[in-house]
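Chains as they are written, first to last, in my numbering: chain A, 14 to 127; chain B, 17 to 133.
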């Protein structure tokens, strides 16, 4: 059974703080993704990674960075948190290789920036 | 880039009735169309998907249909049950979005389905 875990379910941070969201998967997946989920907007891709130390921008990368030092771990970093980054953050992983593969999601981190 | 529109945003049906959620996409090169279900407090989970070489796929009470000419696909749930209450998302990959085996997906806005007993 694939398991994707996220470090926190709920997080409250102040404006200007540096925030780290951690995601770990246990199925040796090559690909990992960070999304944010907002009502009426669905899931929007922030960044994804297809290999260790490799990353690609998604559709809304501004204000975020990522780090993937180990295959199983993908971190999302908010360098200076702002109130418009209050959201639900979802991490996902999938197999690599040709063709489309199911994405397995973690339970999400609800981040509030005050 | 790919644009995915999903309707309706909310849907309420009586237990036992059918529910239909529709999505349209813009990129004619898209070739894979998954549906995800998100229960309260959980992350989305894949429930069914269809590839562009077939027009319909069924799995027990759920089915997905694809019309490539019109660029739309739909999720059909028959004999709905209370456990079908959730938020459903459709998705499509932008054509050519396979980067080193990583398949990007663009998600629809989501549909909150409520099954009334």
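Ideal Cβ placement from N, Cα and C applies to all residues, glycine included.
It should be emphasised that the depicted structure is a prediction, and the values quoted were computed from it without experimental measurement.
Its Cα nearest to that of residue 38(A), the residue 84(A) stands out among 27(A), 29(A) and 84(A). Runs of the beta strand (DSSP E) spanning 3 or more residues and lying entirely within the stretch 45-88 of chain B occur at 48-54, 61-67, 72-75 and 78-83, in chain order. Using a Cβ distance threshold of 9 Å, residue 63(B) and residue 89(B) do not count as a contacting pair.
The continuous stretches of beta strand (DSSP E) do not include residue 96(A), and DSSP gives it neither H nor E.
Contact between the stretch 23-39 of chain B and the stretch 108-123 of chain A is absent, with fewer than three C-beta pairs closer than 8 Å.
Cβ neighbours of residue 34(B) within its own chain (closer than 6 Å, five residues either side excluded): 94.
Residue pairing by DSSP puts residue 51(A) in a beta bridge opposite 55(A). Along the stretch 95-119 of chain A, going in chain order, the ones with a CB nearer than 9 Å to a CB of chain B are 103, 104, 105, 107, 108, 109, 110, 111, 112, 113, 114, 115, 116, 117, 118 and 119.
Scanning its chain for C-beta atoms nearer than 8 Å, with the 5 sequence neighbours on each side dropped, one finds around residue 24(A) the residues 32, 34, 122, 123, 124 and 125, in chain order.
Here the alpha carbon of residue 98(B) sits roughly 17 Å from the alpha carbon of residue 58(B).
The continuous beta strand (DSSP E) containing residue 24(A) extends over residues 23-26.
Among the residues of chain A, those whose CB is under 7 Å from the CB of residue 58(B) are 120, following chain order. Residue pairing of residue 132(B) in beta bridges, as defined by DSSP: 30(B). Nearest CB-CB separation between residue 81(A) and chain B: not below the 9 Å threshold. Unbroken beta strand (DSSP E) stretches of 3 residues or longer found wholly inside the stretch 58-124 of chain A: 67-70, 77-83, 86-91 and 100-107, given in chain order. When DSSP states are grouped into helix, strand and coil, residue 35(A) belongs to the strand group. For residue 101(B), the closest C-alpha among the options 47(B), 77(B) and 131(B) is that of 131(B). For residue 23(B), the enclosing beta strand (DSSP E) has its first and last residue at 20-23.
Residue 81(A) and residue 106(A) have their alpha carbons spaced roughly 13 Å apart. At a cut-off of 9 Å between beta carbons, residue 17(B) contacts chain A.
Residue 57(A) has a beta carbon lying within less than 9 Å of a beta carbon in chain B. Note on geometry: alpha-carbon atoms of residue 62(A) and residue 133(B) lie some 43 Å from one another.
Per DSSP, the unbroken beta strand (DSSP E) holding residue 19(A) starts and ends at 17-19. Here the C-alpha atom of residue 56(A) lies approximately 26 Å from the C-alpha atom of residue 69(B).
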